[in-house]
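Trainee: In the numbering used here, the protein residues as written are 690 to 1086.
(1) Are there three or more Cβ pairs, one per stretch, closer than 8 Å when the region 728–735 is compared with the region 767–778?
(2) Specify the secondary structure class of residue 872 as computed by DSSP and reduced to three states.
(3) Terminal residues of the continuous alpha helix (DSSP H) containing residue 895?
(4) In angstroms, rounded to a whole number, what distance separates the CA positions of residue 788 and residue 1079?
(5) So, at 6 Å on beta carbons, what are the nonlocal neighbours of residue 772 in its own chain, with the 5 sequence-adjacent residues on each side left out?
(6) Please look up how many angstroms separate the CB atoms of residue 1055 and residue 981, rounded, as I've assumed it's under 8 Å.
(7) Tell whether a beta-carbon distance below 8 Å holds between residue 1066 and residue 908.
(8) For residue 760, report the span of its alpha helix (DSSP H) as first-last.
(9) Since I believe residue 1036 is in contact with residue 737 (beta carbons under 8 Å), could you give me their beta-carbon distance rounded to a whole number of angstroms?
(10) My output table needs one value for residue 843: the three-state DSSP class, helix, strand or coil.
(11) Rounded to a whole number of angstroms, what is the C-alpha to C-alpha distance between residue 712 and residue 935?
(12) Which same chain residues, not among the five before or five after residue 952, have their C-beta less than 8 Å away from its C-beta?
(13) Please state whether the Cβ-Cβ distance between residue 902 and residue 1010 is less than 8 Å.
(14) Locate the alpha helix (DSSP H) running through residue 923, then write down its first and last residues.
(15) State the CB to CB distance for the pair residue 743 and residue 794, rounded to an integer number of angstroms; the pair is presumed to be in contact (CB under 8 Å).
(16) With distance defined between alpha-carbon atoms, name the residue in 898, 933 and 937 nearest to residue 1075.
(17) Would you decide whether residue 1060 is buried or exposed? Buried here means 16 or more other CB atoms lie within 10 Å of its CB.
(18) Taking residue 698 as the reference, give the member of 1003, 1025, 750 and 808 with the closest Cα.
(19) Starting from residue 791, trace the alpha helix (DSSP H) in both directions and tell me its first and last residue.
(20) State the Cα-Cα distance for the pair residue 912 and residue 867, rounded to the nearest angstrom.
(21) For residue 863, which residues in the same chain have their Cβ closer than 6 Å to its Cβ, ignoring the five residues on either side in sequence?
(22) Taking all protein chains shown into account, do 16 or more other C-beta atoms lie within 10 angstroms of the C-beta of residue 958, making it buried, or fewer, making it exposed?
(23) Pull up the distance between the alpha-carbon of residue 725 and that of residue 692, whole angstroms please.
(24) Here's a check: name, in chain order, each residue in its chain whose Cβ is nearer than 7 Å to the Cβ of residue 857, leaving out the five neighbours to either side.
(25) Does the pairing of the region 1047–1054 with the region 912–931 give three or more beta-carbon distances under 8 Å?
(26) Does the separation of the CB atoms of residue 993 and residue 948 fall below 8 Å?
(27) Where are the beta strand (DSSP E) runs, 3 residues long or more, that stay fully inside the region 950–1004, in chain order?
(28) For residue 1072, which of 1003, 1013 and 1021 has the nearest alpha-carbon?
(29) Can the beta-carbon of residue 938 be found less than 8 Å from the beta-carbon of residue 989?
(30) Alpha carbon to alpha carbon, how far is residue 1025 from residue 946?
(31) Are the beta-carbon atoms of residue 798 and residue 705 separated by less than 8 Å?
(32) Report buried or exposed for residue 1023, applying the criterion of at least 16 other Cβ atoms within 10 angstroms of its Cβ.
(33) Less than 8 Å between the C-beta atoms of residue 845 and residue 690, yes or no?
(34) On the premise that residue 747 lies in contact with residue 801, defined as a C-beta separation below 8 Å, what is that separation, rounded to the nearest angstrom?
(35) In whole angstroms, what is the alpha-carbon distance linking residue 840 and residue 1081?
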């Protein structure tokens, strides 16, 4: 069995690798669209079915690791994820893409709350666990976009190789996970099969914290959904980027900046971190809007970096506060519920945007989508201000 430091490192690696598959197809979407001739709505539908499958998985097996252990659930999810990558590698039409995304969504849904809880379980401190568990998904998404873009542009078998590489990685990680010791915890009460019925659950003491962070979850992940669903189309059709590696790098920049924002925010006082998080998130989105209106790739890069920094800092605060408020025995359930909300924000606006593109055009749709995200950022900042005022009033009392 691995010691705690290596267990923590492996758990963080699994958390990142799980989300690598989410962005790996993104640089290939314009290729698929050109070869198979489907509309922007079909492109967004392929993205959305992944998230709806993920939500179904989260609602049924999201808290299963609280009962049977982290290793069995996480390793099974990784094997299923490898199967999804094989389906992508064999795809020769939109039906294969939809099937691959459904399998992938089921796997990530099973893994999301489980790997987050595993990171928190093995972390040397609560602060370190919050940083790694909130930055690992962003790092994984960034790596997936860049790796896919590089292999598509410069490696043989451009539409297949990245998926075979990831399938092999997931099988390896599924085996390595069994070297992490299981942490003993009191299992939630009730029959196991009843726990698999679709449900959301939050302990009473966690609910006020969760509700207070709803606007922040929506603002961050809705923006992530814009980048992964329509980002490659924006780069190819509005900003004139034809190199697939560049597409992957630009998509990756946003999520890598999110990792940097996560790490930087932990060293800041809470109030300063909140101001910078919401300020950079909203400001970066406004810069991105200006870039899309001006057809400027350099300005788009600046906006992506600034918004990504805000994404990381904001979402780190969400994970940190929920991790502190959740009882250890129900931590998987709490994080699964967090991801349900986050992925609804990730998918539903993107699906609506895909419908709107054919009527409004890509530019107008992206500007409207980003403008609504700014509204969500303002709401999240207002909710944070109210929480701070209530906390200060409680301390004075």
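Ideal Cβ positions, reconstructed from N, Cα and C, are used throughout, including at glycine.
Mentor: The short version:
(1) no
(2) coil
(3) That residue, residue 895, is in no alpha helix (DSSP H); it is neither H nor E in DSSP.
(4) 48 Å
(5) 792
(6) 5 Å
(7) yes
(8) 759–779
(9) 5 Å
(10) helix
(11) 14 Å
(12) 820, 824 and 1001
(13) yes
(14) Here residue 923 belongs to no alpha helix (DSSP H), and DSSP marks it neither H nor E.
(15) 4 Å
(16) 898
(17) exposed
(18) 808
(19) 783–811
(20) 35 Å
(21) 764, 767 and 768
(22) exposed
(23) 49 Å
(24) none
(25) yes
(26) no
(27) none
(28) 1003
(29) no
(30) 25 Å
(31) no
(32) buried
(33) no
(34) 6 Å
(35) 52 Å
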